[in-house]
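Note that the protein sequences, when read in sequence, are chains A and B. Under my numbering, the first residue of the first sequence is numbered -12, with each subsequent residue one higher. Under my numbering, the first residue of the second sequence is numbered -12, with each subsequent residue one higher. From the three backbone atoms N, C-alpha and C, an ideal C-beta is built for every residue, glycine too.
Protein chains: 2
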Amino acid sequence: MRRADAGLGFLLTYENVARYDAGEVFILDRRKYPATVEYVRCRDYTEVARAITEMVTQSGGPWMAAALGMVGAARAVRGMSPEAAQAELERATYALSHARPTTSQRMVAHVERIRAVAVEALRAGRDPEAAALAHVEAQREARYHRSRQIATRAVELLPDQCTIMTQCFAETLIGFVLLVAQEQGKGISLIAPETRPYLQGARLTASVAVEIGVPVTLITDNMPGYVLSQGKVDAFICAADVITLDGHVVNKIGTFQIALAAHFHSVPFYVLGTPAAQNPTIETVKIEERDSNEVLHAMGVRTAKESVRGYYPAFDITPPQLVSAVVTGQGVFSPYNLRQHFS
Amino acid sequence: MRRADAGLGFLLTYENVARYDAGEVFILDRRKYPATVEYVRCRDYTEVARAITEMVTQSGGPWMAAALGMVGAARAVRGMSPEAAQAELERATYALSHARPTTSQRMVAHVERIRAVAVEALRAGRDPEAAALAHVEAQREARYHRSRQIATRAVELLPDQCTIMTQCFAETLIGFVLLVAQEQGKGISLIAPETRPYLQGARLTASVAVEIGVPVTLITDNMPGYVLSQGKVDAFICAADVITLDGHVVNKIGTFQIALAAHFHSVPFYVLGTPAAQNPTIETVKIEERDSNEVLHAMGVRTAKESVRGYYPAFDITPPQLVSAVVTGQGVFSPYNLRQHFS
């Protein structure tokens, strides 16, 4: 059977996000791609958690890395007493899900399920590593299928010839929008802001488009408003780190500005993903602040004088009045009616 | 008498913008500051025009560089026949004023006046170089005085403790806002977006603040919207490359996005400068498109894969409904009533 990641190109293929080998997790260093292809070797879950905190991988990457880190933890507890094994798996669950604050509620639910599978295997006298790995591989396949399903709904909203703008990393959801649009014979092209300070747009999103064979134009983060004013963009489409039940979209810093400009210029803004049952309102979401030193450097070179301070909020909040639709695995919803997704 | 540039710090002091020496113009290379302090030597007006095109200097810098380039042209025509001298001065006027398209109408008026002074001196049998240089030095002093006057009006609009956000390079107008606010005992601090791809905000604006002694925080160009949402900014203030008589503001790419976010979050947007009589409507302004290669590099390092294209519009347009006030040498005006400035 065809794997769900077929056709997505190098960056989104399972093994190039993170791979598991006998207790160790090898994570593609997305901070360096495409200049170099390097994998960070994590020998246990604490190293996986640290890699996530340090943004070796981001967007959908931590979902996979944390899952494989949990498989490693399930291997490490073999031979421990049941009590010690359970305690260790709980520590791993906490560490892996809390590596970054903004998404921790969603990650708890994800990692907790793997822990439960490992514990159940231990209780039943089966191998917890094998059980956890089988679960993760099935979940991964299901996740990619769901991404394709959501993307397919989004593509239905686009004209046959279309230019879309996105923000930050075009992970599987946007990757599948490009792929499915091509499969359907739609002429699709992408405009990607570079997404400072990590430049995920320049380094990763543009690479995904190139790898799928979609024309891509790179702009800097101060240009989306002007580009939207020119009438050349059919939709602003992005995934989200959190979609709260009250219709707020928490995504990479800059999303709000683009959504606002899209609204001003009557360009629809479609958000792809699953509303977070763990986040009923925007008040439950903590916006992560990262090392301000990143803002003071570009591609490793200091930009400003030494005495200048930086500030680095990693995400922003787009309110529902700027969101045209939320596209989920269940359908296309108004941001004001997201509870319908669960019914 | 105290020079009008006193207290503005290294970057805004006359001689550090551009200096004239026996027909040659030495222009501070703002593409490299503050990493290195280098002057580009221009031996005649064609080299000055090329330096402006290549953005050795920008913002208010071309005003000064073109003026001194014209002084050099006035020196070079000594000894020519009256007809040849006039023709050469006309060529210089055209080249220096058309080095960049968006501001060419305003630059024509500026350089044309220097040409007229040189021609008048030639006709009267006086030294055209000396006459032109005296004119330029007087104009420079008057320009800085006018900048201080405009900035003083703008400071009156600010609370005693204030944080302002600007965009792109804080040339004399914003420099004087910081200086005058300090002189008046106001506690002022600055938030500066880095302004990719040339990073004028990180390299130049932040340096001006440091040199004047004003606390400055650097952010990337995708962050102004979020920062404005936090209620920490009292005003968004910038100068403009062109203010059209119908109230549109043409300024560094990104200004529109920030103005839109400021409007959304009820933060006033003050534009400082002189409305352009040469531009009655926004339709008369051409938005310059620059080498897209700049977008694909940061601090000299390639960011995206080789096959990725870039796009680099250098300016954007903010419509009058997003402008709270235009502060000119004559007063504080509504963007809908700029003709009043001339009455």
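Quick one: residues in its chain with C-beta nearer than 7 Å to the C-beta of His328/A, no 5 flanking neighbours on either side, listed in chain order?
Sequence index remark: in the first sequence, residue 328/A carries index 341 (1-based). The answer, listed in chain order, is Pro262, Thr315, Gln317, Phe320.
Against Val220/B, what residues of chain A qualify as contacts under a CB-to-CB distance less than 7 Å, listed in chain order?
Within the second sequence, numbered from 1, the residue matching residue 220/B stands at position 233. Those do not exist, as Val220/B stays about 12 Å from chain A at its closest Cβ, beyond 7 Å.
Phe251/A versus chain B: which residues are under 7 Å apart at the beta carbon?
Sequence index remark: in the first sequence, residue 251/A carries index 264 (1-based). Ordered by position in chain B, the residues that pass the 7 Å Cβ test against Phe251/A are Leu247.
At a CB distance below 7 Å, what residues from the stretch 20 to 48 of chain A approach chain B? Give them in sequence order.
Within the stretch 20 to 48 of chain A, the residues whose Cβ lies closer than 7 Å to some Cβ of chain B are Pro21, listed in chain order.
With a threshold of 6 Å on Cβ separation, who are the neighbours of Pro202/B within its own chain once the five nearest residues in sequence on each side are excluded?
Your numbering for residue 202/B matches position 215 in the second sequence. Contacts found: Ser176.
Counting only Cβ pairs nearer than 7 Å, list the residues of chain A close to Gln327/B.
Within the second sequence, the letter at position 340 stands for residue 327/B. Under the 7 Å cutoff, chain A gives no residues; its nearest Cβ is about 28 Å from Gln327/B.
Three or more C-beta pairs under 8 Å: does that hold for the stretch 230 to 237 of chain B against the stretch 300 to 315 of chain B?
As far as the Cβ criterion goes, the stretch 230 to 237 of chain B touches the stretch 300 to 315 of chain B, which means the pair count is three or higher.
Given that Ala119/A touches chain B, what residues does it touch there, using C-beta distances under 8 Å?
Taking the first residue of the first sequence as 1, we reach residue 119/A at position 132. By Cβ distance, chain B contributes nothing, its closest Cβ being about 36 Å from Ala119/A, past 8 Å.
Is it a yes or a no for the stretch 267 to 285 of chain A touching the stretch 241 to 254 of chain A, going by three-plus beta-carbon pairs under 8 Å?
No contact exists between the stretch 267 to 285 of chain A and the stretch 241 to 254 of chain A.
Give me the residue from Tyr1/A, Val229/A, Leu247/A with the minimum Cα distance to Phe223/A.
Taking the first residue of the first sequence as position 1, residue 223/A is located at position 236. Of the candidates Tyr1/A, Val229/A, Leu247/A, the one whose C-alpha sits nearest the C-alpha of Phe223/A is Leu247/A.
Shortest alpha-carbon distance to Met51/B belongs to which of Arg78/B, Gln73/B, Val4/B, Ala79/B?
Translated into the one-based positions of the second sequence, residue 51/B becomes position 64. When each option's Cα is compared against that of Met51/B, the closest is Val4/B.
Hey, out of Ala96/B, Ile14/B, Met42/B, Ala168/B, whose CA is closest to Tyr185/B's CA?
Here residue 185/B corresponds to residue number 198 of the second sequence, with the count starting at 1. The shortest C-alpha separation from Tyr185/B is found at Met42/B.
What does Tyr7/A pair with, by DSSP beta-bridge criteria?
Here residue 7/A refers to the residue found at position 20 of the first sequence. According to DSSP, which records beta bridges pairwise, Tyr7/A is partnered with Val12/A.
If we count the other Cβ atoms within 10 Å of its Cβ and call it buried at 16 or more, is Ala105/B buried or exposed?
In the second sequence, counting from the first residue as 1, residue 105/B sits at position 118. Buried, by the Cβ-count rule.
Could you pull the DSSP bridge partners for Ser176/B from this structure?
On the second sequence, residue 176/B is found 189 positions in, with the first residue counted as 1. The partner list for Ser176/B (beta bridge, DSSP) reads Thr150/B.
Chain B partners of Leu186/A, CB-CB under 9 Å?
Looking up residue 186/A in the first sequence gives position 199. Residues of chain B passing the Cβ test: Ala285, Thr290, Ala291.
Could you tell me which chain B residues have their CB closer than 9 Å to the CB of Leu205/A, listed as they occur along the chain?
By 1-based counting over the first sequence, the position of residue 205/A is 218. Here the neighbours are Ser279, Val282, Leu283, Thr290, Ala291, Val295, Arg296, Gly297, Tyr298.
Output, in sequence order along the chain, the residues in the stretch 206 to 217 of chain B whose CB is closer than 9 Å to any CB in chain A.
Result list: Ile206, Thr207, Asp208, Asn209, Met210, Pro211, Gly212, Tyr213, Val214, Ser216, Gln217.
Looking at the structure shown, is Arg62/B part of a helix, part of a strand, or coil, going by DSSP?
Against the second sequence, residue 62/B aligns to sequence position 75. Arg62/B falls in the helix class under three-state DSSP.
In the DSSP output, what is Pro300/A paired with across the bridge?
Working through the first sequence from its first residue, we reach residue 300/A at position 313. Bridge partners of Pro300/A: Glu276/A.
Should Tyr298/A be counted as a contact of the ligand MN given a C-beta to heavy atom distance under 8 Å?
Inclusion of the ligand MN in the displayed structure is not the case, the ligand content being empty and no account of it being possible.
Three-state secondary structure (DSSP) at Asn238/B?
For this step, residue 238/B is matched to residue 251 along the second sequence. Strand.
Can you have a look at Ser253/B and say buried or exposed, based on whether 16 or more other CB atoms are within 10 angstroms of its CB?
By 1-based counting over the second sequence, the position of residue 253/B is 266. Counting Cβ neighbours within 10 Å, Ser253/B comes out exposed, since fewer than 16 surround it.
Have a look at Arg190/A, Pro180/A, Ile199/A, Val197/A and flag the residue whose alpha-carbon is nearest the alpha-carbon of Asn209/A.
On the first sequence, residue 209/A is found 222 positions in, with the first residue counted as 1. Among Arg190/A, Pro180/A, Ile199/A, Val197/A, the Cα nearest to that of Asn209/A belongs to Pro180/A.
On the DSSP letters alone, give me the boundaries of the alpha helix (DSSP H) that Phe163/A sits inside.
Counting from one through the first sequence, the residue named residue 163/A turns up at place 176. Phe163/A -> alpha helix (DSSP H) spans 159 to 170.
Give a yes or no on whether 9 Å exceeds the smallest Cβ distance from Ala(-9)/B to chain A.
Mapped onto the second sequence, residue -9/B falls at position 4. Judged by the 9 Å Cβ criterion, Ala(-9)/B is not in contact with chain A.
Could you work out which residues of chain B lie near Gly172/A, taking near to mean beta carbons separated by less than 9 Å?
Numbered from its first residue, the first sequence carries residue 172/A at position 185. Simply none; closest approach about 23 Å.
Which word fits Asn324/B, buried or exposed, when buried means at least 16 other C-beta atoms lie within 10 angstroms of its C-beta?
Taking the first residue of the second sequence as position 1, residue 324/B is located at position 337. Classification for Asn324/B: exposed.
Less than 9 Å between CB atoms is the rule here; does Gly(-4)/A satisfy it with respect to chain B?
Position 9 of the first sequence, counted from the first residue, corresponds to residue -4/A. Not an interface residue.
Using 8 Å as the threshold, is the stretch 68 to 82 of chain B in touch with the stretch 19 to 27 of chain B, meaning 3 or more CB pairs across them?
The stretch 68 to 82 of chain B vs the stretch 19 to 27 of chain B: no contact.
Going along chain A, which residues have a C-beta under 8 Å from Thr182/B?
As a working note, residue 182/B is residue 195 in the second sequence. Simply Asn209.
Suppose you measure from the CA of Ala193/A to the CA of Arg37/A; what does that come to, to the nearest Å?
As a first step, residue 193/A is located in the first sequence; it is residue number 206 there, counting from the start. As a first step, residue 37/A is located in the first sequence; it is residue number 50 there, counting from the start. Their Cα atoms are separated by approximately 27 Å.
Does the stretch 151 to 169 of chain A come close enough to the stretch 123 to 135 of chain A to have 3 or more Cβ pairs within less than 8 Å?
Contact holds: three or more Cβ-Cβ distances are below 8 Å.
Flag this pair as touching only if the stretch 114 to 125 of chain A and the stretch 84 to 99 of chain A have three or more C-beta atom pairs under 8 Å; answer yes or no.
Output reads no: the stretch 84 to 99 of chain A does not touch the stretch 114 to 125 of chain A.
Would you report the Cα separation of Arg(-10)/B and Thr153/B, rounded to the nearest angstrom?
As a first step, residue -10/B is located in the second sequence; it is residue number 3 there, counting from the start. As a first step, residue 153/B is located in the second sequence; it is residue number 166 there, counting from the start. Each residue's alpha carbon lies about 26 Å from the other.
According to the Cβ coordinates, are Val258/A and Ala301/A closer than 9 Å?
As a position in the first sequence, residue 258/A is number 271, starting the count at 1. As a position in the first sequence, residue 301/A is number 314, starting the count at 1. Going by C-beta atoms, Val258/A is not nearer than 9 Å to Ala301/A.
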